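As structure tokens, the structure follows; a few thoughts come after it.
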Amino acid sequence: MRKIKIEFWKKIYVRSVNLLMLILINGAFYLTWLQKWNMLMNRYFENKGNILISLIYLTLSTFFLKTWGGFEVGYAKTVNLALGQVFGMICTNFVIYIQIVLMVGDVQLAKKIAIEMITLLVGNIVILLLCDIIFVKLYRKIFPPLRILQINGEYKNFLNQKMSARRDKYKICEEISVFKPENEIFDKLNHYDAILLNDIPSEYKNKILKYCFEHSIRVYFTPKISDIIVKGTEEINLFDSPLFLCKNIGLTIGQRVFKRIFDILLSLVGLIITSPFMLIAAICIKVYDGGPVFFKQERCTYGGKVFWIYKFRSMIVDAEKDGKSKPATDDDDRITPVGRFIRKTRIDELPQLLNIFKGDMSIVGPRPERIEHIEKYGKEIPEFTYRLKVKGGLTGYAQVYGKYNTTALDKLKMDLLYIVNYSILVDFQILFETVKIIFQKESTEGFTEEQKQKIEK
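The opening position of the sequence shown corresponds to residue 0 in numbering that gives the first Met the number 0, with each subsequent residue numbered one higher.
Below, the structure written as structure tokens:
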């Protein structure tokens, strides 16, 4: 009961902080509207009009902050929270700026309104960042990290090291093998705030889950492939017995058609917008060592189809002259100075917009792998080919929530989560998150020498 109350008060705290942030930023907008922009109208807004424009700003700010993860106080990393709020406010103020300029109806005032809007934007960002500093710190004092019992299976996967990256949320107090006597394990379950099941056999997991459900104990667990497939089931109500349906077809015909239209439009717009950056990148690569600007490689996509993927060359010429795959490490001397920058900023990926426009790839989807990687990983993980149920993408679940050096199994699980949960809204969410990770160094971490050697074997 105590654990349930703590979760209740956590939600109350977070929602109260989010409400306060909305009140502050919308209050700043309302005052600016009254003092600056309402006076520019040919016909001033009265009370109802002022309330309406405030409600529009409130709706926009709520939507964009929610979309970018700007409300995740106490849950997201502070840097991710701040980035979400910055992008959320930029989107909100851009949309409301367009609306106000149209309402005023005088193009000559657009510059004046823009300067005032930027001032409001900076002010609101400062307000939100101050709230982050104050209320995230207060959250951590009021709600200490969860005390966790980690129950391990046969394989060591260093999950505790990953969990330790969020010491503000989780504290693994004890680890125990699932193969210990059952009574010894169950005696420990009630002494912790949560249980972490780390890749344990299904028979053990089912017993522990049922016990924890009965006693209202929070459980985290690493999903198996079958768990993820079942997550995409459809509930069938035909008679008095529950029935689940796994269609296992990837995307429907309608989804594929809509996704293709979306890809054509977005890749075309992307090519137009990014063409100046691509031109500069191409010149820099050519000037640096005189080598080819582009790097092309055979990759596998939907149904095992092979195509040539294009990137800006970020390594020295003939970096893989022996034809063997050599994944980049953190301090790889094959990466040129220009290459290091374009990899960090993801500019090296921009030529793939041509692949998307041609139909080889999609904007969002599992990253298309090299043929030899498909063969190698397929031997180690037979389910790895499940990724080929959809077209390969420029960005995806594994790119947003994983890292460059995330293991093949974890990437597979994330890609399957995308496939079974697919919707156009998921695509948009991944696109928003992709913009955020450009500013996060850890998402571009290379392989360690140990990981590199395993792949090269």
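Each residue gets a CB set at the ideal place from its N, CA and C atoms; glycine is no exception. Just so you know, these numbers come straight off a predicted model, no measurement behind them.
Quiz item: Do F293 and P336 come within 8 Å of each other at the CB atom, strictly closer than that value?
Solution: no
Quiz item: How would you label P381, buried or exposed, when you count the other beta carbons within 10 angstroms and need 16 or more for buried?
Solution: exposed
Quiz prompt | Enclosing alpha helix (DSSP H) for A164 [first to last residue] | solution = Element bounds for A164: n/a, residue is neither H nor E.
Quiz item: At a cut of 8 Å, does the region 171-186 reach the region 231-238 through at least three beta carbon pairs?
Solution: no
Self-check item: Alpha-carbon spacing of I147 relative to K435, whole angstroms
Solution: 30 Å
Quiz item: Are there three or more Cβ pairs, one per stretch, closer than 8 Å when the region 88-103 is compared with the region 57-69?
Solution: yes
Quiz item: Nearest to V419 by alpha carbon, out of R369, L393, G364 and Y376?
Solution: Closest by alpha carbon: G364.
Quiz item: Under three-state DSSP, which class holds K295?
Solution: strand
Exercise. Evaluate K412 with the Cβ neighbour count: other Cβ atoms within 10 Å of its Cβ, from every protein chain shown; 16 or more gives buried, anything less gives exposed.
Key: buried
Practice problem: Kindly list the residues whose CB is nearer than 6 Å to the CB of E6, restricted to its own chain and excluding five residues on each side of it in sequence; keep chain order. | Solution: none
Exercise. Would you kindly check if the distance between the Cβ of Y421 and the Cβ of Q473 is under 8 Å?
Key: Because residue 473 is not part of the residues shown, which for the chain are 0 to 456, the question remains open.
Quiz item: Could you give the residue range of the alpha helix (DSSP H) that holds I228?
Solution: I224 to K230
Quiz item: For K170, does the three-state DSSP call read helix, strand or coil?
Solution: strand
Self-check item: CB of F28 within 8 Å of CB of N37, strictly
Solution: No, they are not a contact pair.
Quiz item: Of the choices L415, K378 and D409, whose alpha-carbon is the least far from that of G391?
Solution: L415
Quiz item: At which residues does the beta strand (DSSP E) containing N236 begin and terminate?
Solution: Premise fails: N236 is in no beta strand (DSSP E) and is neither H nor E.
Quiz item: Considering only C-alpha positions, which residue in the set I373, F356, K310 and K223 is nearest to R342?
Solution: Checked all of I373, F356, K310 and K223; the closest Cα to R342 is K310.
Quiz prompt | Whole-angstrom distance between S215 and Y203, CA atom to CA atom | solution = One Cα belongs to Y203, the other to S215, and the distance between them is close to 18 Å.
Quiz item: Who are the Cβ neighbours of C211 in its own chain at under 7 Å, not counting the five residues just before and after it?
Solution: L188, I194 and V218
Quiz item: Among residues of its own chain, excluding the 5 on either side of I437, which ones have a beta-carbon nearer than 8 Å to its beta-carbon?
Solution: T344 and R345
Exercise. Taking 8 Å as the threshold, find out whether the region 129-145 comes into contact with the region 157-170 through three or more Cβ pairs.
Key: yes
Practice problem: Mark D317 as exposed unless 16 or more other C-beta atoms lie within 10 angstroms of its C-beta, in which case mark it buried. | Solution: Under this definition D317 is an exposed residue.
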